[in-house]
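Residue numbering for the sequence shown follows the UniProt record's numbering, beginning at 1 and increasing consecutively.
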Amino acid sequence: MLNARTFRNLRILILLLILLVVALNSWLSRIRTTDWEEPLWVLMYPLNGDGRADTQAYIDSLTPDTFTAIEAFFAREAGRYGAGSGEPVFVQLAPQVLPPPPVLPQNPSLFDNVRWSLAMRWWAWRNDTWQGPAPDIRIFMRYYSPENTDRLAHSLGLQKGLIGLVNAFAAERHQGQNNVVAAHELLHTLGATDKYDLGSGLPVWPDGYAEPERVPRYPQRLAEIMGGRVPISDGWALIPPGLDDVVVGPSTASEINWPATAPLPPEGSALAGDSF
Numbered sequence: 001m002l003n004a005r006t007f008r009n010l011r012i013l014i015l016l017l018i019l020l021v022v023a024l025n026s027w028l029s030r031i032r033t034t035d036w037e038e039p040l041w042v043l044m045y046p047l048n049g050d051g052r053a054d055t056q057a058y059i060d061s062l063t064p065d066t067f068t069a070i071e072a073f074f075a076r077e078a079g080r081y082g083a084g085s086g087e088p089v090f091v092q093l094a095p096q097v098l099p100p101p102p103v104l105p106q107n108p109s110l111f112d113n114v115r116w117s118l119a120m121r122w123w124a125w126r127n128d129t130w131q132g133p134a135p136d137i138r139i140f141m142r143y144y145s146p147e148n149t150d151r152l153a154h155s156l157g158l159q160k161g162l163i164g165l166v167n168a169f170a171a172e173r174h175q176g177q178n179n180v181v182a183a184h185e186l187l188h189t190l191g192a193t194d195k196y197d198l199g200s201g202l203p204v205w206p207d208g209y210a211e212p213e214r215v216p217r218y219p220q221r222l223a224e225i226m227g228g229r230v231p232i233s234d235g236w237a238l239i240p241p242g243l244d245d246v247v248v249g250p251s252t253a254s255e256i257n258w259p260a261t262a263p264l265p266p267e268g269s270a271l272a273g274d275s276f
């Protein structure tokens, strides 16, 4: 029989092996999802965040076409950087998920973040409604009625696990901004970092600006995807209406393994010009 010390050492060895396998799997996933040799397959899983009938009616109306703007955004921006194939991201709609995801505490500690990350990955695995081949990335779209006056919680993206949780409004008029948030969190799963001030929510110059060298600096015409907003003045920025008004900046491109130089942002968007 094994004595207590041998049994304890065996348990530690097994735990270390499990951690090694998890770390290796995360590393391989990171390499595979940022080599851009093949399109990334992204699944969107809708959830009813408030249980309302109007929210459910919107979820029932969703189709894969709801998210084609995300595919077009990645194709356009990858083309500007000369990265990947012509269609770097393919988005599909999964069946609705019913159980709610784990709740991240307010003002979480490091331990809270780690525990929530593990719980989120376990929840996503247990409640996967997709019956086909496994996707590369899973984005859970948690919808709330526009009649809900509560401020939506911060959306989150996990590089380890390749999972995103997006809090969105259940209305067609909000779909453009929903797609902006979804693309932002998708990029988090690929290793991109936020480029806005966590206190003010304003984009940080230069990496959080679409045109950091623009003279005069304000107003900007476009948003950098990880900056999240279009800077209009030193202390004022607007949420872009859709992904036509958003670009991937060089710093974000480098983080996801795209070449670090690109042409100027595309012209002709809804925010183009100096009409502010």
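We treat Cβ as the ideally placed atom computed from N, Cα and C, and that holds for glycine.
Check                                                                                                  : Outcome
I239 versus F73: straight-line alpha-carbon distance, rounded                                          : 17 Å
Continuous beta strand (DSSP E) stretch holding G157: start and end                                    : 156–158
Closest residue to P101 among I256, E255, I232, G49 (Cα-Cα distance)                                   : G49
For S61, the first and last residue of its enclosing alpha helix (DSSP H)                              : 53–61
Span of the alpha helix (DSSP H), counted from its first residue to its last, around V180              : 175–189
Inter-residue Cα distance where the pair is L17 and A53                                                : 47 Å
Collapsed DSSP secondary structure at A134 in the structure displayed                                  : coil
Limits of the unbroken alpha helix (DSSP H) element including F73                                      : 68–81
Proximity below 8 Å, CB of E77 to CB of V248                                                           : yes
Buried versus exposed call for T66 [16 or more other C-beta atoms within 10 Å across all chains shown] : buried
Rounded Cβ spacing between P146 and A170 (contact assumed at less than 8 Å)                            : 7 Å
Nearest-angstrom Cβ-Cβ length linking V204 and I225, presumed shorter than 8 Å                         : Not confirmed; about 14 Å, so no contact.
L165 versus R5: straight-line alpha-carbon distance, rounded                                           : 43 Å
Where S109 falls: helix, strand or coil (DSSP)                                                         : coil
Assigned secondary structure, P241 (DSSP; H/G/I helix, E/B strand, else coil)                          : coil
Assigned secondary structure, L98 (DSSP; H/G/I helix, E/B strand, else coil)                           : coil
Neighbourhood of E87 by C-beta, 6 Å cutoff - its chain only, sequence neighbours within 5 removed      : P39, A75
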